[in-house]
Amino acid sequence: MASSSSSSSSPLSRTSPRPSRSPLFTPIQEHQREGEEESNIESAATTTHRHNPTPLHPTPESTASTAPKKRHSSNGPDDTDLSVSCNLCRPSSCDKITIVPVDSAAKFSPAIFKSIFSSIRKSPRSSTSSASPAPAPAPAANREEEWKLAVAELSHKLLMASRRRDEAVLEVSRLKTSMSDLEKKLSNLETYCHSLRSSLNPSPPPPTVVEPFLRAVSEARAAVKHLSRSVAAQLRQSGGGGKVLDRIAGNLQPYEVKVSLTKNPKSLLYYLEALLNRAFYEDMEAPGFERGGCEAGELDPVRKSEANRRAYEALKGLTWDEVLNKGTRHYSEGFSRFCDRKMSEIASSTLGWNKSWPEGLLQAFFGGAKWVWLVHLLSRSVHPAVGVLRVEKGRRFEGDFMEDVVVGGDRGRRGAASEVRIMVAPGFYLGGGVVKCRVLCGSQSSVVREIGA
Numbered sequence: 001m002a003s004s005s006s007s008s009s010s011p012l013s014r015t016s017p018r019p020s021r022s023p024l025f026t027p028i029q030e031h032q033r034e035g036e037e038e039s040n041i042e043s044a045a046t047t048t049h050r051h052n053p054t055p056l057h058p059t060p061e062s063t064a065s066t067a068p069k070k071r072h073s074s075n076g077p078d079d080t081d082l083s084v085s086c087n088l089c090r091p092s093s094c095d096k097i098t099i100v101p102v103d104s105a106a107k108f109s110p111a112i113f114k115s116i117f118s119s120i121r122k123s124p125r126s127s128t129s130s131a132s133p134a135p136a137p138a139p140a141a142n143r144e145e146e147w148k149l150a151v152a153e154l155s156h157k158l159l160m161a162s163r164r165r166d167e168a169v170l171e172v173s174r175l176k177t178s179m180s181d182l183e184k185k186l187s188n189l190e191t192y193c194h195s196l197r198s199s200l201n202p203s204p205p206p207p208t209v210v211e212p213f214l215r216a217v218s219e220a221r222a223a224v225k226h227l228s229r230s231v232a233a234q235l236r237q238s239g240g241g242g243k244v245l246d247r248i249a250g251n252l253q254p255y256e257v258k259v260s261l262t263k264n265p266k267s268l269l270y271y272l273e274a275l276l277n278r279a280f281y282e283d284m285e286a287p288g289f290e291r292g293g294c295e296a297g298e299l300d301p302v303r304k305s306e307a308n309r310r311a312y313e314a315l316k317g318l319t320w321d322e323v324l325n326k327g328t329r330h331y332s333e334g335f336s337r338f339c340d341r342k343m344s345e346i347a348s349s350t351l352g353w354n355k356s357w358p359e360g361l362l363q364a365f366f367g368g369a370k371w372v373w374l375v376h377l378l379s380r381s382v383h384p385a386v387g388v389l390r391v392e393k394g395r396r397f398e399g400d401f402m403e404d405v406v407v408g409g410d411r412g413r414r415g416a417a418s419e420v421r422i423m424v425a426p427g428f429y430l431g432g433g434v435v436k437c438r439v440l441c442g443s444q445s446s447v448v449r450e451i452g453a
């Protein structure tokens with residue numbers, strides 16, 4: 001057994017000479033590693049890589065038999081010494097096998113170091129994220145929930161926009177109402193300013209109104225004078241007139257006048273004319289000669305003036321025969337009421353006439369009433385209306401505004417200190433001019449003497 005083992009080992013010793021011993025384990029210097037890697041990269045650029053097998057640890061059986069023996073390697077040209085670092089030999093080192101070539105002339109591929117450096121540069125988060133599988137796409141339920149949220153948000157925005165639109169429409173409606181109110185107020189203010197300016201600076205009426213007005217005033221005075229003479233003639237025919245003269249004397253009592261049909265009949269005509277004019281022109285400034293009456297028809301000053309002028313044109317040619325055939329109401333409702341009211345006042349209050357009027361007296365009354373009504377229409381055919389000039393008893397005579405019926409306004413014969421005894425006919429303020437009122441001046445004796453002259 002011993003011989004066999006010696007015989008078996010002898011050939012091995014003869015055939016394979018003992019190689020030079022190389023260290024199996026070489027300590028790794030950390031500070032030399034980077035330098036070696038750089039030198040290996042440079043040498044690998046010119047040489048090709050050759051893989052050398054790594055020597056493995058012997059099996060337990062071979063370890064037991066060859067433990068005292070030393071590892072030998074052939075001295076072939078292709079053999080390369082390798083150093084192996086194992087954790088079995090050095091338990092304090094890391095649990096990994098590091099293979100480091102001892103020979104600096106060994107051939108290595110640069111791709112290995114590139115992969116190492118790229119793995120070092122990667123962060124742990126990226127490595128873990130790359131290693132983890134990609135997240136699965138959102139499920140359909142999440143997408144539906146997102147759509148619902150988007151639709152709800154759009155619905156809310158639409159609702160808010162609708163509310164803002166309604167508020168804007170309401171504000172526009174309020175602004176329109178305010179503008180309408182402002183327009184009405186502005187129109188009223190313009191009308192008021194126009195009337196105020198007209199009252200402060202009255203403009204002269206147009207010539208188309210002045211001439212007809214002066215003619216109507218002249219005709220009215222002549223018609224009333226004719227009526228007073230007709231009344232005096234009727235009183236003489238009735239045998240003195242008894243009650244009528246008493247009523248006339250009562251109306252003239254404030255003027256301290258004594259009337260008589262036989263004595264001073266001419267002075268009676270002036271006083272009778274004064275009483276008739278006072279009855280006809282009473283409340284002339286009021287609409288329709290009605291005291292406290294309201295405006296009828298047009299309220300606009302311009303249109304109202306035009307309406308009064310048309311009424312004047314329609315009545316100025318009215319005759320007594322036409323009135324007998326159709327009556328005054330057929331031609332004008334206002335004129336008919338005026339005639340009825342004035343006839344009642346004159347018959348009852350002024351004259352105290354209880355019996356029927358003869359046709360001649362009625363015709364004279366119609367003439368006076370017609371022209372006084374036409375004067376009223378023409379006075380209101382301009383804006384502002386024509387003013388009436390009236391004077392009282394005892395006022396000092398003023399030639400610029402008064403005309404004496406006895407001497408034709410000449411106060412030289414009588415003196416400048418005369419006073420008004422009674423107003424026979426009123427005057428008018430026509431624009432910038434004046435239609436003089438007719439008055440009777442002086443004492444009773446002087447009036448009688450001048451009338452008799």
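Letter by letter, the sequence shown follows residues 1 to 453 in the UniProt record's numbering. A virtual CB, placed ideally from N, CA and C, is assigned to each residue, including glycine. No experiment lies behind these values; they were computed from the predicted model shown.
By the criterion of at least three beta-carbon pairs nearer than 8 Å, the region 421-438 is in contact with the region 268-278. Here S260 is exposed: its Cβ has fewer than 16 other Cβ atoms, across all protein chains shown, within 10 Å. W357 and R337 have their alpha carbons spaced roughly 18 Å apart. Here the region 317-335 makes no contact with the region 209-221; the two share fewer than three CB pairs at distances below 8 Å. Taking C-alpha positions only, M402 is separated from P426 by approximately 9 Å.
The residue among V323, K176, G433, R310 with its C-alpha nearest the C-alpha of L378 is R310. Contact between the region 181-201 and the region 232-249 is absent: fewer than three C-beta pairs spanning the two stretches fall below 8 Å. Looking at P212, V217, S267, the one whose alpha-carbon comes closest to that of R229 is S267. V434 places its beta carbon less than 9 Å from that of L389. Of the residues assessed, N251 falls on the buried side of the cut-off, its CB having 16 or more other CB atoms within 10 angstroms.
Distances from the alpha-carbon of P384 to those of G360, G394, G431, E392 put G431 closest. A425 sits in a strand when the DSSP states are folded into three classes. Taking the C-beta atoms as reference points, S381 is found nearer than 9 Å to E306.
When C-beta atoms of the region 176-185 are compared with those of the region 276-286, fewer than three pairs fall below 8 Å, so the two segments do not count as touching. In the three-state DSSP reduction, D404 falls in the strand class (E or B). Looking from the CA of F213, the closest CA among Y429, C441, L170, L440 belongs to Y429. When the alpha-carbon of V323 is set against those of S344, V302, E359, G288, the nearest one is in E359. The alpha-carbon separation between G327 and K184 amounts to approximately 44 Å. F397 and V406 have their alpha carbons spaced roughly 13 Å apart. Counting of Cβ neighbours within 10 angstroms places H156 among the exposed residues, the total staying below 16.
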